[in-house]
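Report on the following structure.
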Amino acid sequence: MLAALGMRAHDGRMTKLLVPVLLGSVRSDRQGIKAAHYMMRLLSARGHEPVLVDPLVKQLPLLDRMYKEHPKGEAPAVLEELADLYRRADGFLIVTGEYNQSIQPALKNLLDHFLEEYFWRPSTIVSYSAGRWGGVRAAIALRTVLCELGMPSLPSVLSIPSIGRALSDDGVANEPWIDKAADRFLAEFEWYAGALKDKRAKDAPPY
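Counted from 1, the sequence shown has number 224 at position 109 by the numbering used here; the numbering is strictly sequential.
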């Protein structure tokens, strides 16, 4: 049953993960929201707690001061909200489209407001595009950013081409291979996130 749910057991306990799902696009006709809904549905079905972080909803300002650069208690409310969520997170799932062979500007702005809040937690990438390459060039560019932020990305990437027809508006895969690939993709993420969650509980990070 545990294997079917995609969960792992440690000393008789099941590992439930808190996973912020960071979305990159703020365009009015964006397609990435489909991928975000798809991944949130799968994470919930596997017994986890996904939380959508949508820059269109959060309306973060263009980066002037990082969260940590605000005097204590004076950061904008949205930054305090996200800082609290990120400190409690067990890992991050990043959904990115591809703009000019790189990541979306709204995603970079969303990421850059924080630093230490990401540390010692893995990240994993879902990329997409309207064409056949599935945003792979954005995923390559994003890996370096995530590593620098202290949440290194895992080996696998779930890249979804032709997203306009690959996923429905409510986040259901229209092509069987996507579900199969997503299952393996999330199993890898669960292994790393669960292992690091246990490690953080037993030993304080070195800094």
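No residue lacks a Cβ here, since even glycine has one placed at the ideal position from N, Cα and C.
(request) Ignore the nearest five residues each way along the sequence and tell me which others in residue 283's own chain have a CB closer than 8 Å to its CB. (result) Against the sequence shown, residue 283 aligns to sequence position 168. So the list reads 149, 289, once near-sequence residues are dropped.
(message) Do residue 274 and residue 242 have their beta-carbon atoms positioned less than 7 Å apart in this structure?
(response) As a position in the sequence shown, residue 242 is number 127, starting the count at 1. As a position in the sequence shown, residue 274 is number 159, starting the count at 1. Contact flag set, yes.
(request) Assign residue 186 to buried or exposed, taking buried as 16 or more other Cβ atoms, counted over all protein chains shown, within 10 Å of its Cβ. (result) By 1-based counting over the sequence shown, the position of residue 186 is 71. Classification for residue 186: exposed.
(request) Leaving aside the five residues before and after residue 248 along the sequence, list all residues of the same chain whose C-beta is less than 7 Å from its C-beta, in chain order. (result) One-based indexing of the sequence shown puts residue 248 at position 133. The residues are 276.
(request) Leaving out five residues on either side along the sequence, give the residues of the same chain with a beta carbon under 7 Å from the beta carbon of residue 135. (result) Within the sequence shown, the letter at position 20 stands for residue 135. Close CB contacts of residue 135 within its chain, under the 7 Å cut and outside five residues either way in sequence, are with 166, 168, 200, 201, 204, 207 (chain order).
(request) Can you give me the start and stop residues for the beta strand (DSSP E) that residue 243 sits inside? (result) Working through the sequence shown from its first residue, we reach residue 243 at position 128. For residue 243, the uninterrupted beta strand (DSSP E) run begins and ends at 238-243, by DSSP.
(request) Return the first residue and the last residue of the alpha helix (DSSP H) that residue 293 is part of. (result) Taking the first residue of the sequence shown as 1, we reach residue 293 at position 178. Start and end: 291-317.
(message) For the pair the stretch 172-180 and the stretch 222-231, tell me if three or more CB-CB distances fall below 8 Å.
(response) Here the stretch 172-180 makes contact with the stretch 222-231; the two share three or more CB pairs at distances below 8 Å.
(request) Whole angstroms is fine: what's the gap from residue 312's alpha carbon to residue 191's? (result) Start at 1 with the first residue of the sequence shown, and residue 312 comes out as number 197. Start at 1 with the first residue of the sequence shown, and residue 191 comes out as number 76. Spanning the two alpha carbons is a distance of roughly 29 Å.
(message) Using the three-state DSSP reduction, which class does residue 322 fall into: helix, strand or coil?
(response) Numbered from its first residue, the sequence shown carries residue 322 at position 207. Three-state DSSP puts residue 322 in coil, outside helix and strand.
(message) For residue 246 and residue 163, I'd like the C-alpha separation in whole angstroms.
(response) Within the sequence shown, the letter at position 131 stands for residue 246. Within the sequence shown, the letter at position 48 stands for residue 163. A direct Cα-to-Cα measurement between residue 246 and residue 163 gives close to 31 Å.
(request) Kindly indicate which three-state DSSP category residue 220 falls into: helix, strand or coil? (result) Counting from 1 along the sequence shown, the entry for residue 220 is found at position 105. Helix, per DSSP.
(request) Determine the direct distance from the alpha carbon of residue 317 to that of residue 139, and round the result to whole angstroms. (result) Looking up residue 139 in the sequence shown gives position 24. Looking up residue 317 in the sequence shown gives position 202. Spanning the two alpha carbons is a distance of roughly 34 Å.
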